[in-house]
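Novice: Chains as they are written, first to last, in numbering that gives the first Met the number 0: chain A, 0 to 360; chain B, 0 to 360; chain C, 0 to 325; chain D, 0 to 325.
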Amino acid sequence: MTTVATFKIEHTQYLDASGKPTAKKMPKWAKDADTLKALYRSMARIRQLDTKAYALQRTGKMGTYPAATGQEAIGVGFGSALTADDVLCPYYRGQASMIEHGVTMEEILLYWGGDERGSDFKNAKQDFPIAVPIATQCLHATGVATAMKLRGEKRCVATEIGEGGTSEGDFYEALNVAGIWNLGVMFIINNNQWAISVPSSIQTACETYAQKAIAAGIEAVQVDGNDIIAVREAALNAAEKARNGGGATLIECVSLRLCDHTTADDARRYRPENELDSGWKNEPIIRLRKYMESLGIWDEQQEETMMAEVVAEVQTAVDNYLATPADSPEAMFDYLYEELPSRTQEQREYAINNKVVGGHH
Amino acid sequence: MTTVATFKIEHTQYLDASGKPTAKKMPKWAKDADTLKALYRSMARIRQLDTKAYALQRTGKMGTYPAATGQEAIGVGFGSALTADDVLCPYYRGQASMIEHGVTMEEILLYWGGDERGSDFKNAKQDFPIAVPIATQCLHATGVATAMKLRGEKRCVATEIGEGGTSEGDFYEALNVAGIWNLGVMFIINNNQWAISVPSSIQTACETYAQKAIAAGIEAVQVDGNDIIAVREAALNAAEKARNGGGATLIECVSLRLCDHTTADDARRYRPENELDSGWKNEPIIRLRKYMESLGIWDEQQEETMMAEVVAEVQTAVDNYLATPADSPEAMFDYLYEELPSRTQEQREYAINNKVVGGHH
Amino acid sequence: MPAITLIEAVNMALAHELKHNKDVVALGEDVGANGGVFRATDGLQKQFGEERVIDTPLAESMIAGLSIGMASQGMRPVAEMQFMGFIFPAADQIICHMARMRHRTRGRLTLPLVIRAPYGGGIHAPEHHSESTEAIFAHIPGLKVVIPSNPSRAYGLLLAAIRDPDPVIFLEPKRVYRIVKHEVEDNGEEYPIGCCFVDREGTDITLISWGAMLHETHMAAAKLAEKGISAEVIDVATVSPLDIDTILESVEKTGRVVIVQEAPKAGSLGSEIAAEIAEKRVFSLLAPIGRVSGYDTVMPYYRLEKQYMPTVDRIMEEALKTVEYK
Amino acid sequence: MPAITLIEAVNMALAHELKHNKDVVALGEDVGANGGVFRATDGLQKQFGEERVIDTPLAESMIAGLSIGMASQGMRPVAEMQFMGFIFPAADQIICHMARMRHRTRGRLTLPLVIRAPYGGGIHAPEHHSESTEAIFAHIPGLKVVIPSNPSRAYGLLLAAIRDPDPVIFLEPKRVYRIVKHEVEDNGEEYPIGCCFVDREGTDITLISWGAMLHETHMAAAKLAEKGISAEVIDVATVSPLDIDTILESVEKTGRVVIVQEAPKAGSLGSEIAAEIAEKRVFSLLAPIGRVSGYDTVMPYYRLEKQYMPTVDRIMEEALKTVEYK
Ligand SMILES: Cc1ncc(C[n+]2csc(CCOP(=O)(O)OP(=O)(O)O)c2C)c(N)n1
Ligand SMILES: Cc1ncc(C[n+]2csc(CCOP(=O)(O)OP(=O)(O)O)c2C)c(N)n1
Ligand SMILES: [Mg+2]
Ligand SMILES: [Mg+2]
């Protein structure tokens, strides 16, 4: 018996739950006050947006919405590692990374408000719309990266998926082709430990999700997903490597879903007692705040100013969202093909003449 | 940075290409003359069957046929590790294991002769028919194993797939559920290094196929697929473990396709010069013969007698196959549902009245 | 006997079969502790245990392929696809294996299994949660495709589906999961698969529908009655194999037909029904066959779905046109 | 100019576009050194290199999803599914994404890509290699489904498909890959997608078909001519979106229709054509719409496929019945 291959999975963390550094050496950027404040602000803003969206749904002004409570460090962390030239293939809980990459909060709200115009991004023009069918976005990312590779562009692609989604064949097929074609993709796993009501413990027998990359021969790392410094540092390295022909990286971000799966869910049906108590002790926003305070770059005063700004910013997005009238019936037809077949044109006329009142949020 | 998981892949071989033992300790069964002779005979018979089937296709008496030349040790090795109570979910190149498990050569010929009756196994009543859509059989195997587990039966399931097929999502989804549900499945990878014209080198970035099991948290081993002792020993262990609630095992059998992909293929279009020369030096049948000779349990005399028997046995199957008239048109309808809908009954009558002559092999 | 909703009828049928047949197993994503995202399996895991009501990993092809394997051993898996929009990863297993195993093995291996999936629009759901793609599966020989339109039929037809010796795709019109209640006795009595139901007898026009749209169709029939027009209403229920005889009988009687469906028109089940009529009773027709359907475009995201889905008004317009046709 | 077969025409069209548009890439299983199992890409990798003609790992969902990503960047992937029977692992990517991306993003992301697949029976192929499931994709809004019936159309329609701004499923009738030759000039001239072709003008009956069956249909038309019956023959060519106007015009002229297809009858493209006629020209019909099709059962394994596939005799029988109908 001879050993023909060996592997190991590393876990990285820079800040513990109390915001104390646990690593010998901090990334250089993690000492830059402006960078840290921007990341902190983004996380606070996402939490505020999620809170507002939840309220909109509860008051009948929006459909199903998936909050990212407790997982803000993941989306903000890897989203902020992307440049405008990079491409993002998000999943439905990806609002944090999408906003970091230029999607507006108003677009996010429009989308979950049942309006395709929410996927017509003003800024992130090449980014994919939210993928609802789980794991499919991973393959789109490999295709975008293939185009970049064939054209010799120094850009990269990021895609995010939940830990439950890694059970889908598409996830693995994407890893495999990214591996053999050495594609510049960063695969982010948001391991929030739940797939709706299904705990990670019955999703896979793996001790880590990072190790799934071994099946594709690509590099993988596990990070503390509540430590934005760990998430972002891993993402910055993966992005740099990807842009320079170094190929794909899988980053497992271990976190916890501190909210219901979506507004349509009630986690009390299945979540063990006091998982949330310990969960809230680990949440990412307070952790970064404590770290910034320990560096002496953040105080109560700044906190209040920032929160006031963020609340106002989110409120503006909400107001614009609520002020957007529903699209007209012909919009159902005008983006089906570049040119609408004559047969369907008749239906278009008919739909216009049979316009139904309503179409509220 | 802390290491949270480590893995290694072992390779086993008992006999080298010249039939010399390379392992300190041989499995006990590998010293039993009758067992070795039976395995040897099975491999010789498969090669003879493949040769005959090829000839039938070339003379227009059969459709496309996939030979297993050079890979006989794989199918015979793991097929002979199964008991009648176990279930086999074969793939299209699985004739060796199927025959070991009770499928008749005549059924194999009928099948590739374009006749569903070739999948109506006289003996292996619970085995799946050949799966043509690649990797789908892996999921069937997990379902059969789930039924066995829920019923508390001490039986196991074996399924085989080519190395190229491991790129399909179904393969990975099967491994994952087998892992988390601790299912009694043995996954056999026939790594014959080619997926039609696609070499393993551009199929995946993995250094081994065995390591794909790490993505599902199940045990895996790589064996010399041309060494039937290594294949069978690994399969016996995996089967025993599976029957006793030990869960799944992935066995990668490294071999080489010494034939065209199928009779419809011409490997000269893509196969590198002299791959075959070295390949034939490693082939499994001669290897076992040399080993048996070194044990003094095999000689020219026995070889001749055995070959004569095998040739006759195969010829009988071929004769019966050729003597089987095509099924009648109503057979197209009689197994669609337990009860044929009235609508389709009319079509059945019509088909009978419009019977077309022909339907040759 | 309390009146129950369609989703409660599904739950009752599942419980009944789980109780009376130890080979029956319910499986899928979130069917366990959560009881399914629509509560179809609510309480069942508690009642029957984790070996009878099984939360699976998140993989639809796996759910279908695994069910095939279980069924080949004589178990009766009832698998849930969380939404019909997510059935497509399982298309290969359903089309290439589920529908064909009996045929391919000459009856040696059979697959007594059910794939359940909520389908259709009208509940303000996210993208991919509102399509009606029954025609895809209705085109596959070897499958049966059943769509209950109310609580009683949901109970009786699901019992029949679970007991059926062949694979059944059981599509649940989620828009009407909770809008009507029937008094349904838990007596284990099934409704026949493969039969249309004549919900309402009439002489002037035949309205044909299935699933949720049957409710708008009935409202239209009532409005027509007010106008002195007698409409016959047929619930297709089993969309494959189609019970065309019941439909043809009605056509002979009324000579006027309107088919109502939520799905896009082109290549739909409505097309199949119209084609059969055109082939077998074309000269019984006193008016062209009317079709009220979703449009031949992508199911719009929910803010526009009202514009897409057939309304009582659209059904009325088409019915009147058809009745008045000379 | 040498006469070429349908498969050679496919190869010629691919070569033409690879040569003239650097965004065009051909990819799939065994399309490289092997030139495809039917030689559709024969010699192309040698000519255009491994970055333009790409052997993929063995995974159809990956091939489709990857093509979507490439196309979103403005490339024009032409992906091969080795056989249509193996397209189903890609069903989710095709149905939920390929067909919808333009719509979902309000035109921001478009997918100029082609999925090629050989389809249909009659070549004594293994199981799952002979089905005709075009109806499944023809039912999906946002896709175009094109089926060439001869070498010239294969060349012109494939050019059009590759240049089309939207996704096209291009199904190649492999039974006729090599049975007829046309002189086709490699002039880059496309045939229009979305139009039927009137192959033969006639006044007594309209025979409608597509793909390989068009050949039996033409033989039947010739035989009918011998009997003094003038048959019009229409090659549907683009099965979605359907050019129904050309068909209706012909129906108005002849009043008698027979639709010929290899696919099973229920819920097929033939059903759609018949339904449209029944809705728009029912009173132009002088006879019931005739349909000659595969049966509503699993495509049999090849020893029985002759019993399954429509023959010239079956077409003749139906055509005569339809012509003689009073
Ligand atoms: C293919 C597919 N199957 C099922 C669903 C329904 N669904 C939506 S979210 C979800 C759970 C996903 O869990 P995970 O991947 O861990 O991501 P999370 O929601 O926890 O971020 C399921 C089953 C879907 N959207 N797509
Ligand atoms: C889903 C699917 N895709 C494509 C094919 C066509 N096909 C048949 S064999 C083959 C190559 C398989 O190679 P491998 O898995 O290594 O098995 P081997 O034939 O070498 O034993 C392909 C692509 C198929 N049968 N099924
Ligand atoms: Mg999760
Ligand atoms: Mg191989």
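Where a beta carbon is used, it is the ideal one built from N, C-alpha and C, also for glycine.
Do we get a CB-CB distance below 7 Å when we pair HIS139/B with the residues of chain A?
Specialist: Not one chain A Cβ lies under 7 Å of HIS139/B.
Novice: If we count Cβ pairs, one from each stretch, closer than 8 Å, do we get three or more for the stretch 120–128 of chain A versus the stretch 193–213 of chain A?
Specialist: No, the stretch 120–128 of chain A does not touch the stretch 193–213 of chain A.
Novice: Count Cβ pairs between the stretch 74–88 of chain B and the stretch 96–115 of chain B that sit closer than 8 Å; are there 3 or more?
Specialist: These segments touch.
Novice: If contact means a Cβ-Cβ distance below 8 Å, which residues of the stretch 23–55 of chain D contact chain A?
Specialist: Residues passing the 8 Å Cβ filter: VAL24, GLU50, THR55.
Novice: Tell me whether ASP33/B is buried or exposed, calling it buried when 16 or more other Cβ atoms sit within 10 Å of its Cβ.
Specialist: So ASP33/B counts as exposed.
Novice: Under 8 Å Cβ-Cβ, which residues of chain D neighbour SER293/B?
Specialist: Chain D residues near SER293/B: none, gap ~40 Å exceeds 8 Å.
Novice: Opposite TRP193/A in the DSSP bridges: which residues?
Specialist: Paired residue(s): PRO198/A.
Novice: For the beta strand (DSSP E) that contains ILE227/A, what are its first and last residues?
Specialist: Per DSSP, ILE227/A belongs to no beta strand (DSSP E); it is in the alpha helix (DSSP H), 227–242.
Novice: Using a beta-carbon distance below 7 Å, is HIS102/C in contact with chain D?
Specialist: Cβ-Cβ to chain D under 7 Å: yes for HIS102/C.
Novice: Please determine, among ASP15/A, ALA4/A, ILE107/A, the residue with the shortest C-alpha to C-alpha distance to VAL313/A.
Specialist: For VAL313/A, the nearest C-alpha among the options comes from ILE107/A.
Novice: Which two residues bound the contiguous beta strand (DSSP E) that contains SER208/C?
Specialist: Run containing SER208/C: 204–208, per the beta strand (DSSP E) assignment.
Novice: Please check if any C-beta of chain B sits within less than 7 Å of the C-beta of SER166/A.
Specialist: True, the Cβ-Cβ gap to chain B drops below 7 Å.
Novice: Looking at chain B, is there any beta carbon in it that lies within less than 7 Å of the beta carbon of TYR301/D?
Specialist: It does: the Cβ of TYR301/D has a partner Cβ on chain B nearer than 7 Å.
Novice: Are the C-beta atoms of MET25/B and some chain A residue less than 7 Å apart?
Specialist: Not one chain A Cβ lies under 7 Å of MET25/B.
Novice: For THR11/B, which residues does DSSP report across the bridge?
Specialist: According to DSSP, which records beta bridges pairwise, THR11/B is partnered with VAL222/B.
Novice: Using a strict less-than 7 Å threshold between each residue's beta carbon and the heavy atoms of ligand 3, what residues do you get?
Specialist: Result: GLY161/A, GLU162/A, GLY163/A, ASN189/A, ASN190/A, ASN191/A, GLN192/A, TRP193/A, ALA194/A, ARG256/A.
Novice: Mind listing, in chain order, the continuous alpha helix (DSSP H) runs of no fewer than 4 residues lying wholly within the stretch 160–212 of chain C?
Specialist: DSSP runs (the alpha helix (DSSP H)) wholly in the stretch 160–212 of chain C: none.
Novice: Are ASP234/C and MET11/C close, meaning C-beta to C-beta below 7 Å?
Specialist: Cβ atoms of ASP234/C and MET11/C: not closer than 7 Å.
Novice: Measure from the C-beta of LEU65/C to each C-beta in chain B and report whether the shortest distance is under 7 Å.
Specialist: Yes, its Cβ sits closer than 7 Å to a Cβ of chain B.
Novice: Using 8 Å as the cut-off, can you tell me whether the stretch 261–280 of chain C makes contact with the stretch 294–308 of chain A, which would need three or more C-beta pairs spanning the two stretches below that distance?
Specialist: Judged by Cβ distances under 8 Å, the stretch 261–280 of chain C makes no contact with the stretch 294–308 of chain A, as fewer than three pairs qualify.
Novice: List the residues of chain D whose Cβ lies closer than 7 Å to the Cβ of TYR269/B, in chain order.
Specialist: Near TYR269/B (Cβ distances below 7 Å), the residues of chain D are ALA32, ASN33.
Novice: Are the CB atoms of THR109/D and ASP119/A within a distance shorter than 7 Å?
Specialist: No. Outside cutoff.
Novice: Mapping DSSP to helix, strand and coil, what is SER292/C?
Specialist: In this structure, SER292/C counts as strand in the three-state DSSP scheme.
Novice: Using a Cβ cut-off of 8 Å, pull out every chain A residue sitting near ARG313/C, in sequence order please.
Specialist: Those are ASN353, listed as they occur along chain A.
Novice: Residues of chain A with CB closer than 9 Å to the CB of TYR294/C, please, in chain order.
Specialist: In chain order: MET331, PHE332, THR343, GLN346, ARG347, TYR349, ALA350.
Novice: Using 8 Å as the threshold, is the stretch 300–307 of chain C in touch with the stretch 148–157 of chain D, meaning 3 or more CB pairs across them?
Specialist: Judged by Cβ distances under 8 Å, the stretch 300–307 of chain C makes no contact with the stretch 148–157 of chain D, as fewer than three pairs qualify.
Novice: Enumerated in chain order, which unbroken segments of the alpha helix (DSSP H) with a length of 4 residues or greater are wholly contained in the stretch 320–359 of chain A?
Specialist: With a minimum length of 4 residues, the continuous alpha helix (DSSP H) runs that stay inside the stretch 320–359 of chain A are 341–352.
Novice: When you compare the CB of LEU112/D with every CB in chain C, is at least one pair closer than 7 Å?
Specialist: By this cut-off, LEU112/D is not an interface position.
Novice: By Cβ distance below 6 Å, which residues in the same chain neighbour GLU182/D in space, the five residues on each side in sequence not counted?
Specialist: Closer than 6 Å at the Cβ level, and outside the excluded window around GLU182/D, lie MET0, ALA2.
Novice: Comparing the CB of PHE37/C with every heavy atom of ligand 1, is any distance shorter than 6 Å?
Specialist: Flag unset: Cβ of PHE37/C not near ligand 1.
Novice: Relative to the C-alpha of ALA146/A, which candidate in TRP180/A, THR68/A, THR58/A has its C-alpha closest?
Specialist: For ALA146/A, the nearest C-alpha among the options comes from TRP180/A.
Novice: Would you please state the rounded distance, in angstroms, between the beta carbons of SER239/C and VAL144/C? I believe it to be under 8 Å.
Specialist: Between VAL144/C and SER239/C the Cβ distance is about 4 Å, and since that is below 8 Å, they are a contact.
Novice: Beta carbon of TYR334/A, beta carbon of ASP165/D: below 7 Å?
Specialist: No, these two residues do not count as a Cβ contact at 7 Å.
Novice: Across the stretch 78–89 of chain B and the stretch 131–143 of chain B, are there enough close Cβ pairs to call them in contact, namely three or more that are closer than 8 Å?
Specialist: Touching, yes.
Novice: Which runs of the alpha helix (DSSP H) spanning at least 4 residues fall entirely within the stretch 85–158 of chain B, listed in chain order?
Specialist: Runs found: 94–99, 104–111, 135–149.
Novice: Once the 5 residues before and after GLU189/C are set aside, which same chain residues still bring their CB inside 6 Å of it?
Specialist: These residues qualify, in order along the chain: GLY155, LEU158, ALA159.
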